[in-house]
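In our numbering, the protein residues as written are 33 to 230.
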């Protein structure tokens, strides 16, 4: 009779050990690119604040290109865009600083930018990013990284936009539809052609 409770206790203990092991293993297997050094993030935040002070406002984001610290930041985030993601996911950061961080992604390749955008959509679903921030990710301006809009025919882009449509505000749904139809890219191309003709 005593063996039955002992066996049950042993089974429960082994089960708990196995569950704890799986949870710990899962936490240790997260992609290393998500692990951002807090010191590195603080340095990044200071650079963003310096840039914000120098640019004053973002009426013309092209003014950022005249700031040395911004150009250094562009180089830095081209190899580690997750620092931008970590920065913009902080609810305590002002929106203007989040926009500056996103503008710094101007040199990021398509796959990296698509991955960044997908992570931003998860934050948006949790109400951690505003429509304005998502709009800046999608279309920061004609001289900036508009790779999502430009690749509107890409299957990954189509799938990502269509699968997230239901989570978006009415305004953002219209933006997504404009991207999917190619209208937004045509508009950006027109703006680029016009500015080159000047």
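Don't be surprised by glycine CBs; every beta carbon is placed ideally from N, CA and C.
Classify residue 217 as buried or exposed, calling it buried when 16 or more other Cβ atoms lie within 10 Å of its own Cβ. Within the chain shown, numbered from 1, the residue matching residue 217 stands at position 185. Answer is buried; the Cβ neighbour count reaches 16.
For the candidate residues 70, 221 and 101, whose alpha-carbon lies nearest to that of residue 85? As a first step, residue 85 is located in the chain shown; it is residue number 53 there, counting from the start. 101 is the residue among 70, 221 and 101 whose C-alpha sits nearest the C-alpha of residue 85.
Contact belief for residue 207 with residue 170 at Cβ below 8 angstroms, rounded distance in angstroms: For the purposes of this step, residue 207 is taken as the residue at position 175 of the chain shown. For the purposes of this step, residue 170 is taken as the residue at position 138 of the chain shown. That belief holds up - the Cβ atoms of residue 207 and residue 170 are roughly 7 angstroms apart, short of 8 angstroms.
Outcome for residue 179 when other beta-carbon atoms lying within 10 angstroms are tallied against a minimum of 16: Taking the chain shown and counting its residues from 1, the one referred to as residue 179 is at position 147. Classification for residue 179: buried.
Quick one: is residue 120 near chain B, going by C-beta distance under 8 angstroms? No chain B appears in this structure, which consists of one protein chain only.
Taking a contact to mean a Cβ-Cβ separation below 8 angstroms, would you say residue 189 touches residue 196 in this structure? Along the chain shown, one-based indexing puts residue 189 at 157. Along the chain shown, one-based indexing puts residue 196 at 164. Cβ distance not < 8 angstroms, so residue 189 and residue 196 don't count as in contact.
State the Cα-Cα distance for the pair residue 87 and residue 99, rounded to the nearest angstrom. Here the question's residue 87 lines up with position 55 in the chain shown. Here the question's residue 99 lines up with position 67 in the chain shown. Cα to Cα, the separation comes out at about 8 angstroms.
Three-state secondary structure (DSSP) of residue 218: The residue you call residue 218 lines up with position 186 of the chain shown. The answer is helix: DSSP assigns residue 218 an H, G or I state.
Report the rounded CA-to-CA distance for residue 149 versus residue 140, giving the unit in angstroms. Within the chain shown, numbered from 1, the residue matching residue 149 stands at position 117. Within the chain shown, numbered from 1, the residue matching residue 140 stands at position 108. Their backbone Cα atoms lie some 12 angstroms apart in a straight line.
Given this structure, state the Cα-to-Cα distance separating residue 211 from residue 202, to the nearest angstrom. Working through the chain shown from its first residue, we reach residue 211 at position 179. Working through the chain shown from its first residue, we reach residue 202 at position 170. A straight-line Cα-Cα distance of about 14 angstroms links residue 211 and residue 202.
Using the three-state DSSP reduction, which class does residue 172 fall into: helix, strand or coil? Translated into positions along the chain shown, residue 172 becomes position 140. The answer is coil: DSSP assigns residue 172 none of H, G, I, E or B.
Taking all protein chains shown into account, decide if residue 158 is buried (16 or more other Cβ within 10 angstroms of its Cβ) or exposed. For the purposes of this step, residue 158 is taken as residue 126 along the chain shown, with counting starting at 1. When all chains shown are included, residue 158 counts as exposed.
Report the three-state DSSP secondary structure of residue 167 (helix, strand or coil). Within the chain shown, numbered from 1, the residue matching residue 167 stands at position 135. Of the three classes helix, strand and coil, the one that applies to residue 167 here is helix, per DSSP.
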